[in-house]
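Residue numbers (the numbering used here), protein chains in the order written: chain A, 66 to 309; chain B, 27 to 337.
In what follows, a single structure is set out as structure tokens and then discussed.
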């Protein structure tokens, strides 16, 4: 079976710190593919090209609300709708590892692929005038000069809570596959049949359920200890006889 | 979606140019069928020049849509999968065949012209389908993902071309005006009905995606707090028209008035004067600009679910 590299993002663990966003920007603006342009970074109306963004949603109605931090980048769909519409072949899905990439030297900047992506994962670089998107740090994950442990996307290495797993989701033994399988990993907007490779792990609430027999002593069904006479003022109380 | 002027001009101009060619070729083919030539050479030359000019202007406008127009030649590569690529092939092919058709006509080779015209008509049909399918094939843009998108491109383009043909005929070959006016009215009415049908359909659409499926949290009430950027981004610029509701409504009403009713009044007036029919074409074209603007503005991209609050 062919490889399909992907990210698995645990929404239960993400704290919305944007470390993945900044490390992504740092790595990908410094590479040989050229910068990710920013305009007005310190002005009133800053804008720029990013591969990855962390969004925040509020679920429910006060007071029963929950904050969900939601990192969003290209999902490297197994059936990517953005690829067949590209007129030049600049957008392609690599056969060897399933990464969806844009050849910046072939892209004519017609933006049609961004129309064809239901997730809004593609952004035009306003200065280079080509379409850009997450590459899963393709210039880093195969770099033999890096130590083995660092051959991962920049966002995965930066995440302080390890909310991001990286791996081959076609390999059932990979940590990413196991997490999807065992922790209820799901895909975004499954209704469009894009089969995103990236998966999300749901929020999981830790709750404690008290059963009635935990409140009432199992071995004392008559509750006789509640009926014992109170000790007289001079007599030792229970606190004085801790030896038994 | 944000209406881009380059694409609005491209689709409306080539539609009118294609319709004009079809109007001319229909008379030519009818003449051939009854074995009697009726077309005045100057009318043929003017119609072909105008058709080429309209389609050429549309092609020119499309270049302004590209970030790298110097690489536009690459866009013919993926014709196996991409309707945009197919359009990029069909458009110059249509231009070349219409030019050939005109040249053969001018040289007096009527049989050759008829054959070249038939091929040009095929290319014209292909170009109509490609242009419409560019939008209709995007299944999650529910407003566009309907056969009505393609039929409306064909009908609106043909109607405007016929109005242009009526105006040209009034100037150069008045004998043809009556036929063209009747045809322009018929096609215009059909196109108008088609557009009304798509408006009706789109008003009843229920979005397939919602915030729950977009972030995968099963809850009826989800509100976006932040979209990950303090200012705008490509996603907030490209996929929202950003106009107040009043503007959208005004464009919609201008489209409903100008695409057919107003030009129809001018056509119905029975006037054979070129200025009146020319005005009818210009008004109808303005209506088509409004129609195409609204076509983009009314399409709601599911990515907008992720970009509802900027903070």
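Beta carbons are placed, not taken as given, at the ideal position from N, Cα and C, and that holds for glycine.
None of these values were measured; they are calculated from a predicted model.
In the displayed model, residue 233 of chain A falls within a strand according to three-state DSSP. Going by beta carbons, residue 162 of chain B and residue 177 of chain B fall outside the 7 Å limit. Put simply, the CB of residue 280 of chain A is far from chain B, with every gap to its CB atoms at 7 Å or more. Within the same chain, Cβ atoms closer than 8 Å to the Cβ of residue 235 of chain B are found at 166, 328 and 331, the five residues on either side in sequence being excluded. Here residue 44 of chain B has 77, 81, 120, 150, 153, 154, 183, 184 and 187 as same chain residues with Cβ atoms under 8 Å from its own Cβ, once five neighbours each way along the sequence are excluded.
What residue 227 of chain B touches in chain A, judged by beta-carbon distance under 8 Å, is nothing: the nearest beta carbon there is about 19 Å away.
Straight through space, the alpha carbons of residue 57 of chain B and residue 70 of chain B are spaced by roughly 13 Å. The C-beta distance from residue 181 of chain B to residue 217 of chain B rounds to 4 Å, short enough to meet the 8 Å contact threshold.
Against residue 332 of chain B, the close residues of chain A are 118, 120, 135, 137, 184 and 185, in the order they occur along the chain (beta-carbon pairs closer than 9 Å). The beta carbon of residue 130 of chain A lies closer than 8 Å to those of 123 and 124 in the same chain, with the five residues before and after it left out. Closer than 7 Å to the CB of residue 153 of chain A there is at least one CB belonging to chain B.
Across the set B/190, B/278, B/169 and B/115, the C-alpha of B/169 shows the shortest separation from the C-alpha of residue 224 of chain B. In this structure, the straight-line span from the alpha carbon of residue 323 of chain B to that of residue 274 of chain B is close to 8 Å.
Flagged as an interface residue toward chain B: residue 251 of chain A, by a C-beta distance shorter than 7 Å. Among the residues of chain B, those whose CB is under 8 Å from the CB of residue 256 of chain A are 234, 235 and 239, following chain order. Between residue 114 of chain A and residue 188 of chain A, the C-beta gap is smaller than 7 Å, which places the two residues in contact.
Secondary structure of residue 254 of chain B (DSSP, three-state): coil. Ranking B/208, B/214, B/129 and B/264 by CA distance to the CA of residue 297 of chain B puts B/208 first.
Bridge partners of residue 74 of chain A according to DSSP: A/229 and A/265.
For the stretch 103-191 of chain A, the full-length alpha helix (DSSP H) segments reaching 4 residues or more read 147-150 and 177-180 along the chain.
Residue 250 of chain A and residue 75 of chain A have their C-alpha atoms roughly 9 Å apart. In the displayed model, residue 333 of chain B falls within coil according to three-state DSSP, outside both helix and strand. Contact of residue 243 of chain B with chain A is assigned, a C-beta pair being separated by under 7 Å. Boundaries of the alpha helix (DSSP H) around residue 150 of chain B: 136-162. Neighbours of residue 233 of chain A in chain B, taken as residues at a C-beta separation under 8 Å, are lacking, since the least C-beta distance is about 22 Å. Shown here, residue 249 of chain B sits in a strand according to DSSP, grouped into three states. Burial is judged here by how many other beta carbons sit within 10 angstroms of a residue's own beta carbon; residue 86 of chain B has fewer than 16 and is exposed. In the displayed model, residue 281 of chain B falls within a helix according to three-state DSSP. Using a C-beta cut-off of 8 Å, the stretch 181-196 of chain A makes contact with the stretch 86-99 of chain B, since at least three inter-stretch Cβ pairs fall below that distance. Looking at the DSSP output, residue 197 of chain A shares a beta bridge with A/188.
Distance from the CA atom of residue 301 of chain B to the CA atom of residue 202 of chain B, rounded to whole angstroms, is 16 Å.
Taking the CA atoms as reference points, residue 177 of chain A sits about 43 Å from residue 134 of chain B. Within chain B, no C-beta atom comes nearer than 8 Å to that of residue 99 of chain A; the closest sits roughly 14 Å away. Around the beta-carbon of residue 253 of chain B, 16 or more other beta-carbon atoms lie within 10 Å, marking it buried. Shortest Cα-Cα distance from residue 121 of chain A to any of B/278, B/240, B/99 and B/307 involves B/240. Between residue 89 of chain A and residue 219 of chain A, the C-beta spacing is below 7 Å.
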